[in-house]
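See structure below.
Number of protein chains: 2
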Amino acid sequence: MKNVTIQDIAERAGVTKATVSMVINQDHRITEKTRDKVLKVIKEMHYYPNPSARKLARGKSDVIAFVSARFAAPFIATVMDAFEQRAFQMGRYVHGIHPYSTQHQTEVKEELLQQILYGRTADAVVLVTIRPSEKIVAEYAERKIPLVLLENTLPGSHSIRVDNVRGGFLATEYLLRQGRKRIGLINGITQPPPGVDLVPSAMERLQGYREALETHGIKFDESRVVSYGDYLFEQGRLGLRVLLEKDPRLDAVFCAAGDIVAMGVLAEAQARGLKVPEDLALVGYDDMLASSLLKPALTTVRQPILQMGVSAFETAIEAIDGKLKEDKNIIIQPELIIRESA
Amino acid sequence: MKNVTIQDIAERAGVTKATVSMVINQDHRITEKTRDKVLKVIKEMHYYPNPSARKLARGKSDVIAFVSARFAAPFIATVMDAFEQRAFQMGRYVHGIHPYSTQHQTEVKEELLQQILYGRTADAVVLVTIRPSEKIVAEYAERKIPLVLLENTLPGSHSIRVDNVRGGFLATEYLLRQGRKRIGLINGITQPPPGVDLVPSAMERLQGYREALETHGIKFDESRVVSYGDYLFEQGRLGLRVLLEKDPRLDAVFCAAGDIVAMGVLAEAQARGLKVPEDLALVGYDDMLASSLLKPALTTVRQPILQMGVSAFETAIEAIDGKLKEDKNIIIQPELIIRESA
DNA sequence: TTGTACGCGTTATCAT
DNA sequence: ATGATAACGCGTACAA
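Protein sequences, first through last, are from chains A and B.
FYI, in our numbering the residues of the first sequence are 149 to 490.
FYI, in our numbering the residues of the second sequence are 149 to 490.
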């Protein structure tokens, strides 16, 4: 009925709160005897320390905040899962990972990060695909709360990134090698409207695309590029329509916006009677589970997502433990998975 | 550097902590004048109340715990997303949703639920596909922390469920109507080994399958059923192999274990040169994004996942607000989506 | 509005 | 070496 507190345990065990606390926190200066006695009472009375009181008392929170735009995006869900998996393996922060989402709103993000920082809610913050303002980074640095960025880099914070320039390059170059000349690009937004966050990976993939074209002596043509803020199936259908309208002779699409969007491209192509890859070659990005199951199976750039989650967790732990004197920047290489669509 | 506390604000604004607290909590009995003054200081000094202190002081936590086995499962990620979406819309518990995962381990689950309960960490707990022990339910009831179950029901807690019996029935009956007689079932585990949790939906889909057979005068044959604990692509391949070994004349498969598994079935069928649906009709479960993109497009039972998340959130809020005198049990009807595979 | 006890652990200091 | 005492962390809420 009433909540069991440390005081109750102390009384029942005939010691003081301090002793109970020490038992819980494995302080060495207690006898086996008293410890066993106290532990027994704890079990008996179903005592669980109040985490709020605990946090309040010691400033540390035993929490890592994991901030992303939306939970449902496969990329994010997978990273989060790997992150947590690693936590279980290492036995640290096991129930101490707090996912937050910003719903893509810059304002929510800023507010949230302030809140986490000044509310002392987390020992470290992991940001997936979200770019904090420099002001925030500075404030975190001052209070010594480590930031770990995924898909971003900023001085003053650690980062885990996939080499997106290379990803864009690999995909485009492969298409060129297959003899394609008119390669459309469906991408994320590279010039975000106010209030929407920039996703640098889109810029980088664009750059890779350009570099590959240049390497092969083909001039970059802006009319071959479309950008969308959402990464949905419908964007793929729409994107292909737009690209074909600009040039019906389009012979390939690199869908840097991801495999879901690529699926939309595929559907639209098929609806128009275009054969993939014969009439239109298609390369996606991400390599989701379903990508290999499509007909034709999707050629795509694979992101080592699990590894990103694992590295993010390990980096966060190292930072929390004070083992990182400088920014740690991990770059993971993507891989082109060649299947049937190109 | 040092943390800004309510005390600092009070001093700077020339009032007491109590006043500041009232301002923050929108208590009406304070003058506009003092309120504005206090708010100004709060802004200036970047004051954010310490959530731990706050929770400690008032027993309420402003948190809803959202407990599932794994984050990455598409079903779970989608529910979680809808859940959070609704929170944003309603402006309640906006950053107060704490996802936890149990990694499928019963022990972890029990421990976690105890911790949440006795640690007073949440105002309500939502459990996705996870069944708490009756003991836990009783303990939650006693402490008046509402439980909301998804895909489960237990007296003493609220529930949101999809009518799985009906889902199983719809799929099987449709296959029977198409003239199929030898219908295999690939399902989740209905008799879990110790330490692994029961997923009742598997039982229910099995029941729907049986009922449909009986309705059409076909005897249930246990050798047509295989069960797996994981819902992976590989299970689909394996499942079909096993079923065909038992009866090579199999003419249909209802893959109640979900569309990912169904994709495995499809791949295996195609690898064996079986035409779908001519030689083998296939019905899945879930209706994922990719399901409509396969060749042949997958006929499947659609789960109204978004709606489940929304209902779960609303139910949690109602329960927290004390508006539910009795258990609320919502049942959502699934829908058979007919495409090409059957 | 203010003063202040309270919620619950942690930890520095002190006694044995 | 063990354990007790007491102050502390930060808001909330009730009596005055």
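Ideal placement from N, C-alpha and C gives every residue a C-beta, glycine not left out.
All figures in this text were calculated on a predicted structure; none of them were measured in a lab.
query	result
First and last residue of the uninterrupted alpha helix (DSSP H) at A/Phe236	222 to 238
Short CB-CB distance (under 8 Å) between B/Gln174 and chain A	no
Minimum Cβ-Cβ distance from A/Leu442 to chain B less than 8 Å	yes
7 Å Cβ cut-off: residues of chain A touching B/Glu232	Phe219, Ser249
Identity of the residues DSSP links to A/Asn335 by a beta bridge	A/Ser375
Burial state of B/Pro303, where buried means 16 or more other Cβ atoms lie within 10 Å	exposed
C-beta neighbour in chain A for B/Met149, strict 8 Å	Only weak support is given to the placement of B/Met149: the predicted model assigns it a pLDDT of 49, under 50, and the question is left unresolved by the model.
Under 8 Å from the C-beta of A/Asn198: neighbouring residues of chain B	Leu204, Gly267, Arg268
Distance between beta carbons of A/Thr182 and A/Thr167, contact taken as under 8 Å	7 Å
For A/Gly457, the first and last residue of its enclosing alpha helix (DSSP H)	453 to 468
Option nearest A/Lys208 by Cα separation, candidates A/Lys476, A/Leu265, A/Pro444	A/Leu265
Beta-carbon gap between B/Asp229 and B/Gly406 smaller than 8 Å	no
Exposure label - A/Val373; buried when at least 16 CB within 10 Å	buried
Spatial distance of A/Ser459 from A/Gly432 (CA atoms)	24 Å
For B/Met149, three-class secondary structure by DSSP	The predicted position of B/Met149 is uncertain, since its pLDDT is 49 and thus under 50; no value can be drawn from it.
Pick from A/His243, A/Ala270, A/Gln383, A/Tyr248 that is closest to A/Gly336, judged by C-alpha positions	A/Gln383
A/Ala213 - containing alpha helix (DSSP H), residue span	Careful: A/Ala213 lies outside any alpha helix (DSSP H), inside the beta strand (DSSP E) at 212 to 216.
Beta bridge counterpart(s) of A/Ser249 as assigned by DSSP	A/Ser216
Neighbour list for B/His252 in chain A, Cβ cutoff strictly below 8 Å	Those do not exist, as B/His252 stays about 11 Å from chain A at its closest Cβ, beyond 8 Å.
Selection from A/Glu416, A/Leu388, A/Pro280, A/Leu318 that minimises the alpha carbon distance to A/Thr447	A/Leu318
Closer than 8 Å to chain A by CB, B/Phe461	no
Sequence-distant residues of the same chain with beta carbon closer than 7 Å to B/Met149, five excluded per side	In this prediction, B/Met149 has a pLDDT of 49, which is less than 50 and means its spatial position is unreliable; what the coordinates show is noted afterwards. Answer for B/Met149: no residue qualifies.
Backbone secondary structure at B/Asp434 - three-state DSSP	strand
Assigned exposure category for B/Asp469 - 16 Cβ within 10 Å defines buried	exposed
Beta carbon proximity, A/Ala272 to chain B, threshold 8 Å	no
Buried or exposed by the 16-neighbour rule on C-beta atoms within 10 Å, applied to A/Gln451	buried
Under 9 Å by beta carbon: chain A residues contacting B/Gln263	Tyr196, Pro199, His243
Short CB-CB distance (under 8 Å) between A/Val431 and chain B	no
Whether B/Ala415 touches B/Arg385 by CB criterion (8 Å)	yes
Simplified DSSP state of B/Val347, which is helix, strand or coil	coil
Exposure label - B/Phe368; buried when at least 16 CB within 10 Å	exposed
Anticipated Cβ contact below 8 Å, A/Val242 with A/Thr250, distance rounded	The Cβ separation is near 25 Å, so there is no contact.
Short CB-CB distance (under 8 Å) between B/Asp229 and chain A	yes
Chain B contact residues for A/Met411, given Cβ-Cβ distances below 8 Å	Leu437, Ala438, Leu441
Same chain only: Cβ atoms within 6 Å of A/Leu454, ignoring 5 sequence neighbours per side	Ala230
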